[in-house]
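Peer 1: Numbering (this note's numbering), first residue to last: -13 to 146. Every residue, glycine too, gets a C-beta built ideally from N, C-alpha and C.
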Ligand code: SME
């Protein structure tokens, strides 16, 4: 089993908890990813409120951030809410539309989370290394998001 396969198997286990504890389960998934991949220094899930066009932080591992609510279009996260595309940023200092959470962060990777074709949120990774991400990170996070999408019960992510 590859490292990523092992990580995904653990994600499955962590998501087996009861529906009522889905936020706690997502926090455990964040912690597991942060612990397993050395260049993942901060891991979080934002979910979209399409009525207010804002993203909301629902689970994370790493330093607490002031940016628990992000308008669509703002920062790397807000851009992904509109583009529906993975966004790999090798050097955050080269980005004009970037929201700094922690001055140690040098790079970021955001992968949208789809439920029935709708972009309902995203997983956001910050790294303290310059240019650490590759396609295998994107594939891993896409696979994590698919599992999360299948797990989130009855579209509970809309209860913001
Ligand atoms: N850097 C993000 C904001 C969220 S923090 O990384 C936790 C952005 O530019 O959208």
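1. Which residues in the same chain have their Cβ closer than 8 Å to the Cβ of residue -5, if we skip the five residues on either side of it in sequence?
2. Pick out the complete beta strand (DSSP E) segments inside the stretch -3 to 74, 3 residues or longer, and give them in chain order.
3. Report yes if the C-beta distance between residue 31 and residue 12 is below 8 Å; otherwise report no.
4. Does the stretch 66 to 73 come into contact with the stretch 81 to 92, if we say contact requires no fewer than three beta-carbon pairs (one atom in each stretch) closer than 8 Å?
5. Beta carbon of residue 117: closer than 7 Å to some heavy atom of the ligand SME?
6. On the DSSP letters alone, give me the boundaries of the beta strand (DSSP E) that residue 110 sits inside.
7. Can you list, in chain order, the residues of its chain with a C-beta nearer than 8 Å to that of residue 78? Leave out the 5 residues immediately preceding and following it.
8. Cβ of residue 90 versus every heavy atom of the ligand SME: is any distance shorter than 7 Å?
9. May I ask you to verify whether the stretch 43 to 58 touches the stretch 120 to 133, counting CB pairs closer than 8 Å and requiring at least 3?
10. Drop a sphere of 10 angstroms on the beta-carbon of residue 223, count the other beta-carbons inside from all chains shown, and report buried for 16 or more, exposed for fewer.
11. Take the Cβ of residue 123 as the centre, count every other Cβ of all protein chains shown within 10 Å, and call the residue buried at 16 or more, exposed below.
12. Just how far apart, CA to CA, sit residue 10 and residue 109?
13. Please list the terminal residues of the continuous alpha helix (DSSP H) segment that includes residue 130.
14. I think residue 80 touches residue 58, with their Cβ atoms under 8 Å apart; what is that distance to the nearest whole Å?
15. Using the C-alpha atoms, what's the distance from residue 2 back to residue 112?
Peer 2: Well, looking at it:
1. Numbered from its first residue, the chain shown carries residue -5 at position 9. Excluding residues within five positions, the ones whose Cβ falls inside 8 Å are -13.
2. 28 to 35, 40 to 47 and 55 to 57
3. In the chain shown, counting from the first residue as 1, residue 31 sits at position 45. In the chain shown, counting from the first residue as 1, residue 12 sits at position 26. Yes, the Cβ-Cβ distance between residue 31 and residue 12 is below 8 Å.
4. no
5. By 1-based counting over the chain shown, the position of residue 117 is 131. For the ligand SME, not one heavy atom lies less than 7 Å from the Cβ of residue 117.
6. For this step, residue 110 is matched to residue 124 along the chain shown. Residue 110: member of the beta strand (DSSP E) spanning 104 to 113, first to last residue.
7. For the purposes of this step, residue 78 is taken as residue 92 along the chain shown, with counting starting at 1. Within the same chain, residue 78 has close Cβ partners 62, 84, 86, 91, 92, 93 and 94.
8. Numbered from 1 along the chain shown, position 104 holds the residue referred to as residue 90. No - the ligand SME has no heavy atom lying nearer than 7 Å to the Cβ of residue 90.
9. no
10. Only positions -13 to 146 of the chain appear in the structure, and residue 223 is not among them; the question remains open.
11. Indexing the chain shown from 1 puts residue 123 at position 137. Classification of residue 123: buried, given that the 10 Å Cβ count is 16 or more.
12. The residue given as residue 10 occupies position 24 in the chain shown. The residue given as residue 109 occupies position 123 in the chain shown. Spanning the two alpha carbons is a distance of roughly 15 Å.
13. Taking the chain shown and counting its residues from 1, the one referred to as residue 130 is at position 144. Counting along the chain, the alpha helix (DSSP H) containing residue 130 begins and ends at 121 to 137.
14. Taking the chain shown and counting its residues from 1, the one referred to as residue 80 is at position 94. Taking the chain shown and counting its residues from 1, the one referred to as residue 58 is at position 72. The pair is not a contact, with the Cβ atoms about 22 Å apart (cut-off 8 Å).
15. The count along the chain shown starts at 1 and reaches residue 112 at position 126. The count along the chain shown starts at 1 and reaches residue 2 at position 16. Their Cα atoms are separated by approximately 26 Å.
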